[in-house]
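Quick note, the numbering used here runs 43 ahead of the 1-based positions in the sequence shown.
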Amino acid sequence: MTSQIQRSISLKAIVAYKGFVVFSLIAISLICAFSWRNYDALIVFVQSFIQDRLDQESALSQWLLNTVLHIQPQHLQLVAQLTSVYAIVLGIVTVGLWYHKQWAHLLMLLFVGLPLLVEAYELLTHPAWSRGGILVLNLLVFGYLLRHQWTRLQKLATSVQKQP
Numbered sequence: 044m045t046s047q048i049q050r051s052i053s054l055k056a057i058v059a060y061k062g063f064v065v066f067s068l069i070a071i072s073l074i075c076a077f078s079w080r081n082y083d084a085l086i087v088f089v090q091s092f093i094q095d096r097l098d099q100e101s102a103l104s105q106w107l108l109n110t111v112l113h114i115q116p117q118h119l120q121l122v123a124q125l126t127s128v129y130a131i132v133l134g135i136v137t138v139g140l141w142y143h144k145q146w147a148h149l150l151m152l153l154f155v156g157l158p159l160l161v162e163a164y165e166l167l168t169h170p171a172w173s174r175g176g177i178l179v180l181n182l183l184v185f186g187y188l189l190r191h192q193w194t195r196l197q198k199l200a201t202s203v204q205k206q207p
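Laid out in structure tokens, this is it:
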């Protein structure tokens, strides 16, 4: 018989958020892999279709043109490989978190905590609502996971003290 695991709303939200990140990374990886393998066709497409149909004054179209026309195929390959590996690892950790595996809580704490300083620096140097929102979301996730670890350690310490 398996026992039903009770999951808090916070844990469900974290798993949904990280699941969205995993699927976004998979999409980025697939797009980069496709672009890397079809680099010549991508350049032709960008030069003909996008330059003809997008407004040349648009900041988005200018950024897209500059980015695509100046990126090297090796960089696309590297981005495809790195994002796919990160998506796989993050996906495994997210599933482990869903099933309350201790290693998953620790790894997710590490995955969320390490980039916080970089995100804060990015927000300070290039303020944007999206950067602020991502930083706040990751701080909330980090706080929840840290509180969960602290509670677990306290329960463990109490159970050790009670043993003769």
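Ideal placement from N, C-alpha and C gives every residue a C-beta, glycine not left out.
Remember, predicted model here, so these are calculated numbers, not experimental data.
* Contact under 8 Å by Cβ, Gln-120 with Trp-146 -> In this structure, Trp-146 does not lie closer than 8 Å to Gln-120 by Cβ.
- Message: Would Leu-159 and Phe-185 be called neighbours here (beta carbons separated by less than 8 Å)?
- Response: If you check the CB distance, Leu-159 and Phe-185 come in under 8 Å.
Determine the extent of the alpha helix (DSSP H) in which Asn-181 is found, giving its start and end residues. Annotation: the continuous alpha helix (DSSP H) that includes Asn-181 extends over 172-205.
(message) Please classify Thr-110 as buried or exposed, where buried requires at least 16 neighbouring CB atoms within 10 angstroms.
(response) Exposed, since its Cβ has fewer than 16 Cβ neighbours within 10 Å.
Pro-116 to Tyr-82 span [Cα, whole Å]: Pairing Pro-116 with Tyr-82, the inter-Cα distance amounts to about 7 Å.
Endpoints, the alpha helix (DSSP H) within which Tyr-164 is located: Unbroken alpha helix (DSSP H) run through Tyr-164: 159-168.
Fill in: Within 8 Å, strictly: CB atoms of Val-64 and Leu-140
In this structure, Leu-140 does not lie closer than 8 Å to Val-64 by Cβ.
Among the candidates Phe-66, Tyr-60, His-118, Leu-149, whose CA atom is the shortest distance from the CA of Tyr-129?
Comparing Cα positions, the closest option is Phe-66.
Environment of Leu-68 [buried if 16+ CB atoms lie within 10 Å]: Buried, because 16 or more other Cβ atoms sit within 10 Å of the Cβ of Leu-68.
**OP:** Taking only the alpha-carbon atoms, compute the straight-line gap between Val-203 and Leu-153 and give it to the nearest angstrom.
**Re:** Rounded to the nearest angstrom, the two C-alpha atoms are 26 Å apart.
Limits of the unbroken alpha helix (DSSP H) element including His-118:
Per DSSP, the continuous alpha helix (DSSP H) segment holding His-118 begins and ends at 116-141.
Worksheet item: If you drop the 5 nearest sequence neighbours on each side, which residues of the same chain put their C-beta closer than 6 Å to that of Leu-150?
Response: Cβ within range, chain order: Val-136.
Could you please give the first and the last residue of the uninterrupted alpha helix (DSSP H) stretch that includes Ser-51? Neither: Ser-51 is in no alpha helix (DSSP H) and is coded neither H nor E.
Reference Ser-127; option with closest CA among Arg-195, Ala-76, Gly-175, Leu-199
Checking every option, the nearest Cα to that of Ser-127 belongs to Ala-76.
- Query: Buried or exposed: which applies to Leu-157, given that a residue is buried once 16 or more other Cβ atoms fall within 10 Å of its Cβ?
  - Reply: Leu-157 should be labelled exposed.
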